[in-house]
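See below:
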């Protein structure tokens, strides 16, 4: 068995240059590479951050990510999804997703495929959400240590 331990990532959410104050959130973010499944893709693979969200049923990314993958977002299957912040209109597209470890480039990089949802209503969000639909495909143990701020993947 192999274990990879990755730190939570610090993300700036507000910078007040006048006061010299920066505010950050610390999140269980993974770097993932996305590619359009079953569609010729001429550009580079799209790297993006994705928050591990064990409370989300579906994997959702901002709409501009779909466009970067070469999808016309509205050609996907429409679905209105709801969460704690309300509901948003999303479009489903088939993707491949690979978890990347820039800190550990020699480690195995697990890949998954399936539907992901994209919404232009999330275009201001700097990361996507990895939901149960993709997380349940992981053939590995996933531990999130909120006290010590790390993610542990064992496969």
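Numbering (our numbering), first residue to last: 1471 to 1625. Ideal placement from N, C-alpha and C gives every residue a C-beta, glycine not left out.
Using the Cβ count rule (16 or more neighbours within 10 Å means buried), how would you classify residue 1517?
exposed
Mind checking who residue 1484 pairs with in its DSSP beta bridge?
1493
Entirely within the stretch 1533-1589 and at least 3 residues each: give me those beta strand (DSSP E) ranges in chain order.
1547-1553, 1556-1570, 1581-1589
Are residue 1531 and residue 1584 touching if we call contact CB-CB under 8 Å?
no
Determine the DSSP secondary structure at residue 1602, reduced to helix, strand or coil.
If DSSP states are grouped into helix, strand and coil, residue 1602 belongs with the helices.
Among 1564, 1575, 1557, 1574, which residue has its Cα nearest to the Cα of residue 1535?
Here the closest residue by C-alpha is 1564.
I need the DSSP call for residue 1591, collapsed to helix, strand or coil.
helix
Tell me whether residue 1507 sits in a helix, a strand or coil according to DSSP, three-state version.
coil
So the beta strand (DSSP E) residue 1620 belongs to, where does it begin and stop?
1620-1624 is the span of the beta strand (DSSP E), which, as asked, contains residue 1620.
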